[in-house]
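Comments concern the structure below.
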Amino acid sequence: MTRIFAAAIGLSLIAPAALTAPPAMAQSMEVTRAGDREGFIGPSDKFSGTAYIEAVFPNTEPFVVNAGKVTFLPGARSAWHTHPAGQMLVVTSGTGWVQERGQQRQVMQAGDVVWCPPGVEHWHGATDKTAVSHIAVQQFKDGKNVIWGDLVTDAEYAE
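Read left to right, the sequence shown gives residues -26 to -1, 1 to 133 (mature numbering (1 follows the signal peptide of the UniProt record, and there is no 0)).
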């Protein structure tokens, strides 16, 4: 009983400090409306076809990750690329493809979650007939969250 009481007293002293938000965070809840976030068309040196990118949350203190919602129209895809700390894709709508260099492409569809390990070269995007949207979540490592490679050729995309 004495140990339980001592533990409770100890927790009551440190819990408020553990629950205090870091100074960089807002001290009240923030809601960012979907229409308030700006998006842009992915640049042609990193995407083939039309890919619309919308920042969900940036890499700002105290966060160590960033995320974006990416919508690929039919035929659109990213260039080959890697992520120093890996990448998680949460497919929110449609059907698309994802491929690791040297492997068969795989179907990804709404509800699927794709893990791309650190340093694994891959691409992802829509199928030739269907659009796909996903939330891409990646962590920064040594100031980078992605290392871009060559565009995926039409022949590679069709494999």
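For every residue, glycine included, the Cβ atom is placed at its ideal position computed from N, Cα and C.
Since this is a predicted model, take the numbers as computed values, not measurements.
Helix, strand or coil: how does DSSP classify glycine 9 here?
helix
Just mark threonine 6 as buried or exposed, buried being the case when its beta carbon has 16 or more other beta carbons within 10 Å.
It counts as exposed.
May I have the straight-line CA-CA distance separating aspartate 124 from serine 2, to the nearest angstrom?
Looking at the two C-alpha atoms, the distance is approximately 43 Å.
Excluding sequence positions up to five away, which residues of its chain have a Cβ less than 8 Å from the Cβ of glutamate 95?
So the qualifying residues of the chain are Trp54, His55, Thr56, Glu74, Arg75 and Gly123.
C-beta neighbour in chain D for tryptophan 97, strict 8 Å:
In the displayed structure, chain D is absent; only one protein chain is listed.
Where does the unbroken alpha helix (DSSP H) through glutamate 130 begin, and where does it stop?
128 to 132
Cβ shell of valine 120 (< 6 Å), same chain only, five flanking positions each side left out:
The residues are His55 and His57.
Does the structure place the stretch 15 to 29 close enough to the stretch 37 to 45 that three or more beta carbon pairs sit under 8 Å?
yes
Of the residues Asp102, His98, Gly117 and Asp116, the one placed nearest histidine 108, counting alpha carbons only
His98
Nearest-angstrom Cα distance between phenylalanine 21 and glutamate 12?
18 Å
Below 8 Å on the Cβ atoms is my contact criterion, and I expect threonine 66 with threonine 101 to pass it. Report the Cβ-Cβ distance as a whole number of Å.
Not quite, the Cβ-Cβ distance comes to about 16 Å (not below 8 Å), so this is no contact.
CB of alanine 105 to nearest heavy atom of the ligand NAD: below 7 Å?
Inclusion of the ligand NAD in the displayed structure is not the case, the ligand content being empty and no account of it being possible.
Per-residue DSSP class, three states only, for glycine 70
strand
For glutamine 112, which residues in the same chain have their Cβ closer than 8 Å to its Cβ, ignoring the five residues on either side in sequence?
Val39, Asn40, Ala41, His57, Ala59, Gly60, Gln61, Met62, Asn119 and Val120
For glycine 85, which residues in the same chain have their Cβ closer than 8 Å to its Cβ, ignoring the five residues on either side in sequence?
Taken in chain order, the residues that qualify are Val65.
Own chain partners of lysine 115 with C-beta closer than 6 Å, once the 5 adjacent residues on each side are dropped:
The answer, listed in chain order, is Pro58 and Ala59.
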